[in-house]
Amino acid sequence: MAIEVRNVDKRFGDFVALDDVTMTVGDGALTALLGPSGSGKSTLLRIIAGLETPDSGQVVIGGEDVTSSAARTRGVGFVFQHYAPFKHMSVHDNVAFGLSVRKRPKDEIAERVKELLGLVRLDGLAERYPSQLSGGQLQRMALARALAVQPQVLLLDEPFGALDAQVRAELREWLRRLHEEIHVTTVFVTHDQEEAMEVAEQIVVMNKGRIEQAGSPRHLYESPTNEFVMSFIGPVNRIGDAFLRPHDIQILPESDGTGTEALIERVVHLGFEVRVELKLHDGRDVWAQVTREEARQLELTEGQILSVRLPAPRVFSS
Amino acid sequence: MSSSAQGAVSITPGAGIRPAQRAPASGSGRDERAARARRLGVRSVALGYLALLLLAPVAMIFYRTFEHGLAPVWSAVTAPNAQHSFWLSLEVVAIAVPLNTVFGVGMALLLERGRFRGKGLLGVLIDLPFAISPVVVGLALVLVYGKTGWFGDWLATNGIQVIFSVPGMVLATAVVSLPFVARETIPVLRELGTDSEQAAETLGASAWQAFWRVTLPGIRWGVVYGVVLTTARALGEFGAVSIVSGRIEGQTQTLPLYVQDRFENFDSTGAYTAAVVLALLALATLLAMNLLTRHTRKRTAA
Numbered sequence: 001m002a003i004e005v006r007n008v009d010k011r012f013g014d015f016v017a018l019d020d021v022t023m024t025v026g027d028g029a030l031t032a033l034l035g036p037s038g039s040g041k042s043t044l045l046r047i048i049a050g051l052e053t054p055d056s057g058q059v060v061i062g063g064e065d066v067t068s069s070a071a072r073t074r075g076v077g078f079v080f081q082h083y084a085p086f087k088h089m090s091v092h093d094n095v096a097f098g099l100s101v102r103k104r105p106k107d108e109i110a111e112r113v114k115e116l117l118g119l120v121r122l123d124g125l126a127e128r129y130p131s132q133l134s135g136g137q138l139q140r141m142a143l144a145r146a147l148a149v150q151p152q153v154l155l156l157d158e159p160f161g162a163l164d165a166q167v168r169a170e171l172r173e174w175l176r177r178l179h180e181e182i183h184v185t186t187v188f189v190t191h192d193q194e195e196a197m198e199v200a201e202q203i204v205v206m207n208k209g210r211i212e213q214a215g216s217p218r219h220l221y222e223s224p225t226n227e228f229v230m231s232f233i234g235p236v237n238r239i240g241d242a243f244l245r246p247h248d249i250q251i252l253p254e255s256d257g258t259g260t261e262a263l264i265e266r267v268v269h270l271g272f273e274v275r276v277e278l279k280l281h282d283g284r285d286v287w288a289q290v291t292r293e294e295a296r297q298l299e300l301t302e303g304q305i306l307s308v309r310l311p312a313p314r315v316f317s318s
Numbered sequence: 001m002s003s004s005a006q007g008a009v010s011i012t013p014g015a016g017i018r019p020a021q022r023a024p025a026s027g028s029g030r031d032e033r034a035a036r037a038r039r040l041g042v043r044s045v046a047l048g049y050l051a052l053l054l055l056a057p058v059a060m061i062f063y064r065t066f067e068h069g070l071a072p073v074w075s076a077v078t079a080p081n082a083q084h085s086f087w088l089s090l091e092v093v094a095i096a097v098p099l100n101t102v103f104g105v106g107m108a109l110l111l112e113r114g115r116f117r118g119k120g121l122l123g124v125l126i127d128l129p130f131a132i133s134p135v136v137v138g139l140a141l142v143l144v145y146g147k148t149g150w151f152g153d154w155l156a157t158n159g160i161q162v163i164f165s166v167p168g169m170v171l172a173t174a175v176v177s178l179p180f181v182a183r184e185t186i187p188v189l190r191e192l193g194t195d196s197e198q199a200a201e202t203l204g205a206s207a208w209q210a211f212w213r214v215t216l217p218g219i220r221w222g223v224v225y226g227v228v229l230t231t232a233r234a235l236g237e238f239g240a241v242s243i244v245s246g247r248i249e250g251q252t253q254t255l256p257l258y259v260q261d262r263f264e265n266f267d268s269t270g271a272y273t274a275a276v277v278l279a280l281l282a283l284a285t286l287l288a289m290n291l292l293t294r295h296t297r298k299r300t301a302a
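Protein chains in written order, with our numbering: chain V, 1 to 318; chain U, 1 to 302.
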């Protein structure tokens with residue numbers, strides 16, 4: 001089901017959480033709401049779910065205006081940032097909750113729960129309690145619980161925020177594949193641009209209660225419409241009002257006399273990527289991103305003076 | 001004497017239930033020795049205080065009760081007035097405690113989840129019974145529900161007797177033990193947060209279903225603890241009930257009133273025996289909760 005948000009405003013006291021927000025999420029799409037904390041992304045997600053009421057504007061799900069309907073009638077699956085497990089219930093009962101409040105027959109519930117626990121790879125843990133699960137397992141239990149009622153829309157609030165790096169990477173990949181499998185319209189909130197780029201098909205960049213830009217990860221990276229998006233998505237050098245991508249800075253072999261003179265202040269090896277911190281002859285600091293192989297061929301060392309070629313920087317009119 | 005029996009009833013629950021905090025083991029030898037000495041010092045003071053104020057008097061009552069063997073105790077226990085006061089106490093508690101439980105949980109929800117003007121004032125009002133002397137509570141109830149009170153005429157014409165009868169005693173008991181359930185439930189409710197209730201809501205649960213299936217199980221230990229405190233307080237209530245009951249022997253005499261009555265009539269065995277029964281009732285309440293808690297906690301590991 002497609003989601004449409006039309007001219008939504010939301011204030012908490014004097015704080016403007018959402019300021020005239022309009023966006024569309026296509027049927028079956030996997031969308032990220034990306035922004036720094038306080039940008040209104042979680043509020044927007046909660047408004048779509050019906051957990052908050054907008055001050056004005058509309059929320060339309062599957063062509064139906066649901067602005068004034070209660071969360072429980074919206075057919076929305078919501079996964080909370082801290083999973084919100086029902087601590088006094090077993091994993092089985094957690095997942096079964098949505099079906100059991102709908103008074104479905106017992107054997108149907110049992111079958112569905114078994115199927116879902118398989119889908120989220122928690123088979124065999126049905127009798128455990130939330131306190132006995134790891135963060136990643138809790139996350140998947142919360143997801144199975146949300147999927148049990150076959151929601152039209154799946155909403156996830158910072159789904160990987162509380163997990164350690166390795167589990168995070170695994171779950172991202174897994175969420176992507178799960179989405180391909182069940183193809184339910186999915187929106188997740190994140191403050192991590194890398195996570196958004198890796199998982200989402202569409203990214204909505206938010207800042208200070210407004211949508212800065214929406215589009216595919218590649219589109220946002222290559223054609224940002226403003227400096228916020230440019231600096232939020234991907235690494236960036238800022239020189240006055242101009243912006244440069246670090247990988248667009250070309251380091252020239254010493255023999256070549258063209259280009260701008262620069263001093264290497266530091267070389268940081270990050271595996272495949274090498275980060276070169278440079279001071280240009282006019283005193284400005286920039287950093288360039290090169291591959292390990294390039295760094296080796298150029299024999300980059302700290303204190304070395306060489307020339308670099310700077311691309312035409314991007315300037316945004318504010 | 002009745003006051004020390006009351007003390008035993010209302011203080012022990014806290015000591016029995018709140019888990020002792022254990023200080024983390026510290027590093028070097030000298031620090032550790034100093035820390036141990038400090039811990040020992042704190043413990044001795046705490047235990048000494050407890051022994052002086054609580055254990056010794058209670059032990060004394062037990063000693064005095066059984067001083068002359070079981071026969072006088074038995075006849076004191078089986079005395080008709082003793083029996084009557086015992087059952088009357090249970091009756092009052094059995095009505096007042098459920099009332100206060102429902103009210104307390106509702107009030108906790110209102111204060112913790114609600115958004116309305118005057119919430120702060122309501123929070124203070126709930127604590128009022130802690131601050132007002134029970135005797136004053138009793139007098140106030142007489143002023144409102146007594147023969148010359150506000151509702152006196154109406155109650156009389158409808159044949160309802162509140163003062164000098166069980167309804168008044170239930171009212172008095174409910175008032176003095178009013179804050180416990182709400183006060184114990186509020187922090188647990190805050191800790192539970194609203195996420196799991198909202199999760200239940202997005203999963204299709206009605207507000208009623210969310211309350212019974214998610215909120216109440218989530219706060220049950222706070223509620224249980226509040227109920228135990230309420231029960232203990234209600235069992236031991238003396239001042240307010242003493243005023244509204246009229247202390248009619250064999251009719252409106254609860255156990256604490258009976259203890260007082262026996263004591264004033266120089267029947268020390270009767271007084272001590274009743275006091276012991278009162279203490280045992282409180283102990284049984286505590287024990288029941290402890291067993292219940294341990295049993296269920298192990299299973300859910302919540």
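A virtual CB, placed ideally from N, CA and C, is assigned to each residue, including glycine.
Report yes if the C-beta distance between threonine 31 of chain V and lysine 10 of chain V is below 7 Å; otherwise report no. Here the question's residue 31 of chain V lines up with position 31 in the first sequence. Here the question's residue 10 of chain V lines up with position 10 in the first sequence. Not a contact, by the Cβ cut-off of 7 Å.
Going along chain U in order, which residues have a C-beta closer than 8 Å to the C-beta of arginine 145 of chain V? For this step, residue 145 of chain V is matched to residue 145 along the first sequence. Within chain U, the residues whose beta carbon sits less than 8 Å from that of arginine 145 of chain V are Ala199 and Leu203, listed in sequence order.
Contacts that glycine 218 of chain U makes with chain V (C-beta to C-beta distance below 9 Å): Looking up residue 218 of chain U in the second sequence gives position 218. The answer, in chain order, is Phe86, Lys87 and His88.
What is the C-beta distance between threonine 101 of chain U and valine 244 of chain U, in whole angstroms, given that I count them as a contact (C-beta under 8 Å)? Locating residue 101 of chain U in the second sequence gives position 101, where the first residue counts as 1. Locating residue 244 of chain U in the second sequence gives position 244, where the first residue counts as 1. With 8 Å as the limit, threonine 101 of chain U and valine 244 of chain U do not qualify as a contact, their Cβ atoms being about 22 Å apart.
Which bits of chain U does leucine 51 of chain V rub up against, with CB to CB less than 8 Å? As a first step, residue 51 of chain V is located in the first sequence; it is residue number 51 there, counting from the start. For leucine 51 of chain V, the chain U residues whose C-beta falls within less than 8 Å of its own C-beta are Gln198, Glu201 and Thr202, listed in chain order.
Give the secondary structure of threonine 65 of chain U by DSSP, where H, G and I count as helix, E and B as strand, and everything else as coil. One-based indexing of the second sequence puts residue 65 of chain U at position 65. DSSP places threonine 65 of chain U in helix when its eight states are reduced to three.
Alpha-carbon spacing of lysine 345 of chain V relative to alanine 242 of chain V, whole angstroms: Residue 345 of chain V is absent from the model: chain V starts at 1 and stops at 318.
Let me know if arginine 266 of chain V comes out buried or exposed under the rule of 16 or more other beta-carbons within 10 Å of its beta-carbon. Taking the first residue of the first sequence as 1, we reach residue 266 of chain V at position 266. For arginine 266 of chain V, the number of other beta carbons within 10 angstroms of its own is below 16, and it is reported as exposed.
How far does the alpha helix (DSSP H) with valine 77 of chain U in it extend, from its first residue to its last? Here the question's residue 77 of chain U lines up with position 77 in the second sequence. Element bounds for valine 77 of chain U: 70-78.
Going by other Cβ atoms of all chains shown within 10 Å of its Cβ, with 16 needed for buried, is tryptophan 221 of chain U buried or exposed? Here the question's residue 221 of chain U lines up with position 221 in the second sequence. That one is buried.
Of all the residues that make up the segment 47-76 of chain V, which are near chain U by a beta-carbon distance shorter than 7 Å? Those residues of the segment 47-76 of chain V that come within reach of chain U (Cβ to Cβ, closer than 7 Å) are Ala49, Leu51, Ala71, Arg72 and Val76.
Under 7 Å between C-beta atoms, does valine 105 of chain U make it to chain V? The residue labelled residue 105 of chain U in the question sits at position 105 within the second sequence. Judged by the 7 Å Cβ criterion, valine 105 of chain U is not in contact with chain V.
Just list the alpha helix (DSSP H) runs in the segment 137-173 of chain U, keeping only unbroken ones of 4 residues or longer that don't cross its boundaries, in chain order. Whole alpha helix (DSSP H) segments, 4+ residues: 152-157.
For tryptophan 287 of chain V, the first and last residue of its enclosing beta strand (DSSP E): As a working mapping, residue 287 of chain V is identified with position 287 in the first sequence. Annotation: the continuous beta strand (DSSP E) that includes tryptophan 287 of chain V extends over 285-291.
If we cut at 7 Å on Cβ distances, does arginine 266 of chain V have a partner in chain U? Working through the first sequence from its first residue, we reach residue 266 of chain V at position 266. No, its Cβ sits nowhere closer than 7 Å to a Cβ of chain U.
How many whole angstroms separate the CB atoms of glycine 168 of chain U and leucine 192 of chain U, which I take to be in contact at a CB cut-off of 8 Å? Within the second sequence, numbered from 1, the residue matching residue 168 of chain U stands at position 168. Within the second sequence, numbered from 1, the residue matching residue 192 of chain U stands at position 192. About 37 Å separates the two Cβ atoms, so there is no contact after all.
Are the CB atoms of serine 85 of chain U and glutamine 253 of chain U nearer to each other than 7 Å? Indexing the second sequence from 1 puts residue 85 of chain U at position 85. Indexing the second sequence from 1 puts residue 253 of chain U at position 253. Yes.
As assigned by DSSP and simplified to three states, the class of glycine 98 of chain V: Walking along the first sequence from the start, residue 98 of chain V turns up at place 98. Note: glycine 98 of chain V maps to helix in three-state DSSP.
Coarse secondary structure for glycine 57 of chain V, derived from DSSP in three states: In the first sequence, counting from the first residue as 1, residue 57 of chain V sits at position 57. In the structure shown, glycine 57 of chain V falls within a strand segment according to DSSP collapsed to helix, strand and coil.
Among the residues of its own chain, which have a CB less than 6 Å from the CB of glutamate 111 of chain V, if the five just before and after it don't count? Within the first sequence, the letter at position 111 stands for residue 111 of chain V. Counting only Cβ-Cβ distances below 6 Å, and skipping sequence neighbours, we find nothing.
Closer than 8 Å is the cut-off here; do at least three beta carbon pairs connect the segment 202-211 of chain V with the segment 10-20 of chain V? With the rule of 3 Cβ pairs closer than 8 Å, the segment 202-211 of chain V counts as touching the segment 10-20 of chain V.
At least 3 beta-carbon pairs within less than 8 Å: the segment 110-120 of chain U vs the segment 173-193 of chain U: Taking 8 Å as the limit for Cβ pairs, the verdict is that the segment 173-193 of chain U does touch the segment 110-120 of chain U.
If you measure from the CB of lysine 103 of chain V, is any heavy atom of the ligand GDP nearer than 6 Å? This structure lacks the ligand GDP, and indeed carries no ligand of any kind.
What residues in its chain sit with their C-beta under 7 Å from that of methionine 1 of chain V, if we drop five residues either side in the sequence? Here residue 1 of chain V corresponds to residue number 1 of the first sequence, with the count starting at 1. Around methionine 1 of chain V: Asp27, Ile61, Gly62, Gln152, Val153 and Thr185.
Flag this pair as yes or no: are the beta carbons of leucine 156 of chain V and valine 79 of chain V separated by less than 7 Å? Along the first sequence, read from residue 1 onward, the residue named residue 156 of chain V stands at position 156. Along the first sequence, read from residue 1 onward, the residue named residue 79 of chain V stands at position 79. Against a cut-off of 7 Å, the Cβ pair of valine 79 of chain V and leucine 156 of chain V comes out as a contact.
Selected residue, minimal CA-CA separation from glutamate 195 of chain V, among V:Ile109, V:Pro159 and V:Arg177: Counting from one through the first sequence, the residue named residue 195 of chain V turns up at place 195. Selected option, being the one with the closest Cα: V:Pro159.
So valine 73 of chain U and threonine 273 of chain U are supposed to be a Cβ contact under 8 Å. How far apart are they, rounded? Walking along the second sequence from the start, residue 73 of chain U turns up at place 73. Walking along the second sequence from the start, residue 273 of chain U turns up at place 273. That pair is a contact at about 5 Å.
Under 7 Å, do methionine 289 of chain U and valine 224 of chain U count as touching if we go by C-beta distance? As a position in the second sequence, residue 289 of chain U is number 289, starting the count at 1. As a position in the second sequence, residue 224 of chain U is number 224, starting the count at 1. Yes, they are a contact pair.
Examine chain V for any beta-carbon lying closer than 7 Å to the beta-carbon of leucine 214 of chain U, and answer yes or no. Mapped onto the second sequence, residue 214 of chain U falls at position 214. Checking the displayed sequence, the identity of residue 214 of chain U turns out to be valine instead of leucine. Closer than 7 Å: yes.
At a CB distance below 9 Å, what residues from the segment 223-251 of chain V approach chain U? Give them in sequence order. Residues of the segment 223-251 of chain V with a Cβ closer than 9 Å to any Cβ of chain U: none.
What are the complete alpha helix (DSSP H) segments, minimum 4 residues, inside the segment 79-158 of chain V? Runs of the alpha helix (DSSP H) lying entirely within the segment 79-158 of chain V and spanning at least 4 residues, in chain order: 91-101, 106-119 and 135-147.
Cross-chain neighbours of phenylalanine 78 of chain V in chain U, by beta carbon under 8 Å: Within the first sequence, numbered from 1, the residue matching residue 78 of chain V stands at position 78. Residues of chain U whose Cβ lies closer than 8 Å to the Cβ of phenylalanine 78 of chain V are, in chain order, Gln198, Ala199 and Thr202.
Here's a check: name, in chain order, each residue in its chain whose Cβ is nearer than 6 Å to the Cβ of glutamate 314 of chain V, leaving out the five neighbours to either side. Translated into the one-based positions of the first sequence, residue 314 of chain V becomes position 314. Reading off the sequence shown, one finds arginine at residue 314 of chain V, where the question assumed glutamate. Only Phe243 meet the Cβ criterion.
How about glutamine 209 of chain U: is its C-beta nearer than 7 Å to some C-beta of chain V? Taking the first residue of the second sequence as 1, we reach residue 209 of chain U at position 209. At least one chain V Cβ lies under 7 Å of glutamine 209 of chain U.
Considering only residues of the same chain and omitting the five flanking positions on each side of glycine 259 of chain V, which have a CB-CB separation below 7 Å? In the first sequence, residue 259 of chain V corresponds to position 259, counting from 1. Apart from sequence neighbours up to five positions away, the residues of its chain that approach glycine 259 of chain V with a beta-carbon distance below 7 Å are Leu252, Ser307, Val308 and Arg309, ordered along the chain.
Take the Cβ of asparagine 158 of chain U as the centre, count every other Cβ of all protein chains shown within 10 Å, and call the residue buried at 16 or more, exposed below. Here residue 158 of chain U corresponds to residue number 158 of the second sequence, with the count starting at 1. Per the 10 Å Cβ criterion, exposed.
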